[in-house]
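Novice: My questions all concern the structure below.
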Amino acid sequence: MATSSCSRMLKLRSSEGNEFEIDETAAMVSELLKKIIEKGLSDQPITLPDVTGEVLSHVIEYCNKHSPEVEIRKWDADFVDLDMHTLYELRLAAIYMDINSLSFLLTDAIVAASRRVHLEREKLVHEKTKKKQKVEVGTRTMDAS
185 MATSSCSRML KLRSSEGNEF EIDETAAMVS ELLKKIIEKG LSDQPITLPD VTGEVLSHVI
245 EYCNKHSPEV EIRKWDADFV DLDMHTLYEL RLAAIYMDIN SLSFLLTDAI VAASRRVHLE
305 REKLVHEKTK KKQKVEVGTR TMDAS
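Going by this note's numbering, the sequence shown opens with residue 185, and the numbers climb by one from there.
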């Protein structure tokens with residue numbers, strides 16, 4: 185039996201009813217989609233009621249980049265350069281669609297972003313504390329310590 189070098193396209197439907205296409209090979213990154221494909225249930229659009237169109241487009245982009253494992257570290261770093269709300273929504277979609285690698289990537293990104301926010305807050309508090317410690321004496325400024 186001859187095999188095609190091109191895999192077929194699947195249709196995914198977001199919670200709003202928007203349809204997206206994804207290559208079957210890329211779809212296999214998702215354990216949920218993989219099970220649907222293996223059961224032969226992917227001939228019709230696959231509805232993902234818990235995933236919005238905006239988030240699904242990000243998920244598809246991730247799957248397309250991760251289907252044939254290539255050097256992806258830089259791409260991953262750029263991919264997760266998103267606002268915290270989108271990171272959370274993407275992580276929920278990754279969990280729902282059972283894409284462990286995406287879920288782990290997003291968890292790391294959320295932790296890193298939280299640490300950055302925490303460090304920025306600490307820096308601001310430190311700067312405010314330093315300003316309060318300075319005492320102006322005549323025309324000179326001296327540290328109160």
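All C-beta atoms in this analysis are idealised placements derived from N, C-alpha and C, irrespective of residue type, glycine included.
None of these values were measured; they are calculated from a predicted model.
Using the three-state DSSP reduction, which class does residue 195 fall into: helix, strand or coil?
Specialist: Within the sequence shown, residue 195 is the residue found at index 11, counting from 1. Strand at residue 195.
Novice: Is the beta carbon of residue 214 sitting closer than 8 Å to the one on residue 194?
Specialist: Position 30 of the sequence shown holds residue 214. Position 10 of the sequence shown holds residue 194. Result no, Cβ atoms of residue 214 and residue 194 do not sit closer than 8 Å.
Novice: Express the C-alpha separation of residue 198 and residue 205 in angstroms, rounding to a whole number.
Specialist: Taking the sequence shown and counting its residues from 1, one reaches residue 205 at position 21. Taking the sequence shown and counting its residues from 1, one reaches residue 198 at position 14. Looking at the two C-alpha atoms, the distance is approximately 11 Å.
Novice: With DSSP as the reference, label residue 200 as helix, strand or coil.
Specialist: For the purposes of this step, residue 200 is taken as the residue at position 16 of the sequence shown. Three-state result, residue 200: coil.
Novice: Take the Cβ of residue 308 as the centre, count every other Cβ of all protein chains shown within 10 Å, and call the residue buried at 16 or more, exposed below.
Specialist: Translated into the one-based positions of the sequence shown, residue 308 becomes position 124. Under this definition residue 308 is an exposed residue.
Novice: Please classify residue 295: is it buried, with 16 or more other beta-carbons within 10 angstroms of its beta-carbon, or exposed?
Specialist: Locating residue 295 in the sequence shown gives position 111, where the first residue counts as 1. Exposed, because fewer than 16 other Cβ atoms sit within 10 Å of the Cβ of residue 295.
Novice: Examine the ligand SAM and report whether any of its heavy atoms sits within less than 7 Å of the Cβ of residue 250.
Specialist: Although the ligand SAM was asked about, the structure shown includes no ligands whatsoever.
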